[in-house]
Amino acid sequence: MKTKQLLLGAIMLFTFICSAQTTITVDNSLGSNAQYSDLQSAISAASNGDIIYVQPSEINYGNVTVDKQLKIIGFGHSDPDKETMVSDFILGANASNVTISGFHVTDDIYTNSSTIITNLNIENNIIDSVLSFDSAGGADNIIIRGNIIYQIGYGSTSATRDNYTNTIISNNIITYYIGLKNHQSISIKNNVFLSPNGNYPVYNAGNTTGSITLQNNILYYNSSSTLNPDADGVIFENCLTYNIGSGSVTALNGTNNLNNQNPNFVSATDDVFNPDTDDYHLQGGSPAIGTGVGGIDIGIYDGSGFTFNNFGYTNGIPTVKITNITDRVAPGATLSVTISTNAN
1 MKTKQLLLGA
11 IMLFTFICSA
21 QTTITVDNSL
31 GSNAQYSDLQ
41 SAISAASNGD
51 IIYVQPSEIN
61 YGNVTVDKQL
71 KIIGFGHSDP
81 DKETMVSDFI
91 LGANASNVTI
101 SGFHVTDDIY
111 TNSSTIITNL
121 NIENNIIDSV
131 LSFDSAGGAD
141 NIIIRGNIIY
151 QIGYGSTSAT
161 RDNYTNTIIS
171 NNIITYYIGL
181 KNHQSISIKN
191 NVFLSPNGNY
201 PVYNAGNTTG
211 SITLQNNILY
221 YNSSSTLNPD
231 ADGVIFENCL
241 TYNIGSGSVT
251 ALNGTNNLNN
261 QNPNFVSATD
271 DVFNPDTDDY
281 HLQGGSPAIG
291 TGVGGIDIGI
301 YDGSGFTFNN
311 FGYTNGIPTV
321 KITNITDRVA
331 PGATLSVTIS
341 TNAN
């Protein structure tokens, strides 16, 4: 029987929040009793500071414009039965102080404002295409963590591209590359680059003015070629490379790197992310244990307060899963239900 799942509204967890903050539920599944079936309508009705919980569904919620200070929380992105899907998140001029977590974004997240938006948290999502800040205003003070992302930025010097600053990119799986130009205020640390661009996993379009230093990242390839991750204006510090294919990896430009050494993941049979089987924790004896900057582990599990989750469940918000239920019950008989919970 197909597993049934629920995203708790988490109201019990947030009863202490001031009365000015409202919790709004959205579900576009047939027969749901959520407050809204359309996510854009829920956003339009919300006020700054509100929390919107978006239930999992087989129906994509479509393109969504966010132009308020909101926390928008989905169920997750890779649960084997249900996920919360959005095509695009478009961040407008008033989208400062926005959190987007727990979504499968089937296209892009991007900005379209001529003014700077600030304080963005992009966490626990799969983004199939690009997370970009391609507007004259751009974005400042950004946390990007716990995601599986194809591409961040383009690595362009254009006045209307890659306008993001004071950004921390950590604890993510990157499957193509990161492009940037404001290297002075961007930190890239403790990520796994999973079969990224063979020529450059990170491209610094501002390399004529200085370099960016990547720390504690793992670059994991599957290729018969000799790969060279080095690019102008990119320095690696305490990073690890490995090619599970027949090819090799050129030694990284920088210091204290582990070149072409097996990180000994608990479970990763290839270079394609599989949430059901992959486990990027490090086995005992891994060369990546304790060899990062500051003596922490290299890779996405760095011992910090944030924990990467394969399924995109939002940290601190419980999920409930009905794993078994009696298919047919006679009148007066006992209904048998098995429930598991995860507080993340």
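Each residue of the sequence shown is one higher than the last, beginning at 1 in this note's numbering.
Idealized CB from N, CA, C, for every residue including glycine.
Cβ-based burial, residue i [other Cβ within 10 Å; buried from 16]
i, result
"residue 290", "exposed"
"residue 99", "buried"
"residue 151", "buried"
"residue 298", "buried"
"residue 41", "exposed"
"residue 45", "exposed"
"residue 312", "buried"
"residue 276", "exposed"
"residue 105", "buried"
"residue 304", "exposed"
"residue 116", "buried"
"residue 272", "exposed"
"residue 257", "buried"
"residue 323", "In this prediction, residue 323 scores a pLDDT of 41, lower than 50, which makes its location untrustworthy; no coordinate-derived value is stated."
"residue 38", "exposed"
Alpha-carbon to alpha-carbon, residue j and residue i
i, j, result
"residue 29", "residue 62", "14 Å"
"residue 353", "residue 162", "This structure cannot settle anything about residue 353, because the visible part of the chain is limited to 1 through 344."
"residue 225", "residue 246", "7 Å"
"residue 354", "residue 192", "The structure shown does not extend to residue 354, since the chain is modelled only from 1 through 344, so no value can be given for it."
"residue 119", "residue 231", "29 Å"
"residue 94", "residue 57", "28 Å"
"residue 173", "residue 300", "8 Å"
"residue 347", "residue 31", "In the structure as shown, the chain starts at 1 and stops at 344, and residue 347 therefore has no counterpart that could be examined."
"residue 83", "residue 124", "12 Å"
"residue 309", "residue 282", "15 Å"
"residue 43", "residue 168", "27 Å"
"residue 268", "residue 127", "21 Å"
"residue 181", "residue 227", "23 Å"
"residue 35", "residue 27", "8 Å"
"residue 66", "residue 76", "19 Å"
"residue 96", "residue 284", "42 Å"
"residue 71", "residue 250", "42 Å"
"residue 194", "residue 91", "27 Å"
"residue 200", "residue 55", "37 Å"
"residue 129", "residue 234", "23 Å"
Close Cβ partners of residue i (< 6 Å) along its chain, the five nearest in sequence each way excluded
i, result
"residue 156", "162, 205"
"residue 121", "99, 143"
"residue 302", "190, 296"
"residue 73", "53, 101, 102, 314"
"residue 79", "311"
"residue 86", "61, 64, 103, 105"
"residue 59", "28"
"residue 114", "136, 137"
Spatially closest choice to residue i from the options, by CA coordinates
i, options, result
"residue 164", "143, 188, 138", "138"
"residue 175", "102, 281, 270, 313", "270"
"residue 47", "24, 35, 219", "24"
"residue 265", "256, 249, 218, 227", "218"
"residue 187", "213, 200, 256, 197", "213"
"residue 220", "177, 255, 254, 207", "177"
Own chain partners of residue i with C-beta closer than 7 Å, once the 5 adjacent residues on each side are dropped
i, result
"residue 261", "240, 242, 287"
"residue 293", "215, 216, 237, 238"
"residue 141", "118, 119, 166"
"residue 306", "145, 146, 171, 315"
"residue 252", "229, 230, 236, 239, 241, 259"
"residue 184", "210"
"residue 132", "108, 110, 153, 154"
"residue 223", "198, 243, 245, 247"
"residue 203", "155, 177, 179, 231"
Closer than 8 Å: residue i CB and nearest the ligand MG heavy atom
i, result
"residue 250", "What this structure holds is no ligand at all, so the ligand MG is not there to describe."
Residues of its chain near residue i, where Cβ-Cβ distance is below 8 Å and the 5 sequence neighbours each way are ignored
i, result
"residue 160", "134, 135, 136"
Which parts of the segment 37–76 are runs of the beta strand (DSSP E), unbroken and 3 residues or longer, counting only runs that do not cross its ends? Listed in chain order, the complete beta strand (DSSP E) runs (minimum 3 residues) inside the segment 37–76 are 51–54, 63–66, 71–74.
Can you give, in chain order, each stretch of the beta strand (DSSP E) that sits fully within the segment 124–154 and has at least 3 residues? 126–132, 139–145, 148–152, all fully within the segment 124–154.
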